Amino acid sequence: MALPRVTAILNQKGGVGKTGLTAGTGGALSERGRRTLLVDLDPQGHLTTEALGLAEVDPSEPNFAAALTGEFTGSASDLVVRHSTSAAGGVLDVLPHCVSMFLVVRKLHAARSPEHRLARLLQQFEGVYDHVLIDCPPSLDVLTDTALVAADGVLIPVQPSNTSLRALRLLIEQVAVIEEELQITRRELHGLVPGVYRRPLSGIAAYKMSELELYGISDGEVPPLPILAYLPLAVAVEEAWLSGKPLTDYHPTAPIADAYRRLATHLDVAAGLSPESALERAEESPEDTAQSGAEAGEK
Ligand SMILES: Nc1ncnc2c1ncn2[C@@H]1O[C@H](COP(=O)(O)OP(=O)(O)OP(=O)(O)O)[C@@H](O)[C@H]1O
Ligand SMILES: [Mg+2]
């Protein structure tokens, strides 16, 4: 039995598209036939309630927060909620938010080796899921530490309007510092995913985007990070959130659906579930997606 491939969606900056990327890519993985678990690690609970239209778990019931603090010691599968299944045999399951998540950071600080709690919980899903995606909170706190310990790889959503190369480098350095402190091997940094920007690009956004595209290429000081997909603002995403459906399900032909599929393919290749050649097919000119939606009425 194989362990699921665990990917942390990480950026300590707020509103850069972490939750949208998690829900969209999760839907695309399920569409591909993958058994996928989404982990709502953010005490705001946006993934559960806003993006997927699911109810919060009653704190008096067994819940994810209690599993992290050690108050719940039962089977992790009892905490999982099924969101949907796909025609290809995929599933989209969720470890949903519970209001007591707000207390978890404080409780974990008082616990012994708190950073390993999520990794241990996810080990129970050996053979159950192909992929686990973790929607991280907008902070570099102990919850994010648990995600980094549990993760095999990291996706970094960035907003071109407010991300400088310096901020990005800082984020990546901070991840390296945490990895060193926790004595874990370097996680695979899959790449950047620019999102939550308007098209056509404003002058400043176009400048920032080209900076992101040159990350690590222009100065040679840091390893380059590829841009894996573009996720510009699209009305279809807002509508999908309101409907509680993943975007690939709500509007399968939207340009942004293909961007989520590209990310899903990337993670599938990283997990060894799809051949590299799948990526070449999916990697056709991602800029097309960045630009084309503008003419297509942002759908
Ligand atoms: N491609 C998109 N098109 C339209 N709206 C989007 C898109 N991506 C994200 N949004 C919206 O932008 C807002 C911020 O996105 P999101 O919640 O994914 O960011 P985040 O990084 O998870 O934020 P936080 O740091 O607060 O957790 C949300 O209201 C979301 O609905
Ligand atoms: Mg979020």
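Reminder that position 200 of the sequence shown reads as 204 in this note's numbering, one-by-one numbering, no gaps.
Cβ coordinates follow ideal geometry from the N, Cα and C atoms, glycine included.
Just so you know, these numbers come straight off a predicted model, no measurement behind them.
For LYS22, the closest alpha carbon among the candidates GLU35, SER34, ARG36 and GLY49 is that of GLY49. When only Cα atoms are considered, LEU137 and ALA32 end up about 12 Å apart. Its chain contains GLY37 as the residues whose beta carbon lies nearer than 7 Å to that of GLY93, once the 5 sequence neighbours on both sides are disregarded; these appear in chain order. Of the heavy atoms belonging to ligand 1, none sits nearer than 8 Å to the Cβ of VAL273. Taking each of LEU229, THR73, PHE106 and HIS113 in turn and checking the Cα distance to GLU217, the smallest one comes out for LEU229. Of the heavy atoms belonging to ligand 1, at least one sits nearer than 8 Å to the Cβ of LEU237.
Rounded to whole angstroms, the separation of the alpha carbons of ALA274 and ARG124 is 22 Å.
For VAL241, the enclosing alpha helix (DSSP H) covers residues 239 to 247. Within a 10 Å sphere around the beta-carbon of GLY74 sit fewer than 16 other beta-carbons, which makes this residue exposed. Ranked by Cα distance from SER34, the options HIS135, ASP46, ARG121 and THR53 are led by HIS135.
The beta carbon of HIS87 sits no closer than 8 Å to any heavy atom of ligand 1. Contact holds between the region 234 to 248 and the region 200 to 209, because three or more Cβ pairs, one in each stretch, are under 8 Å apart.
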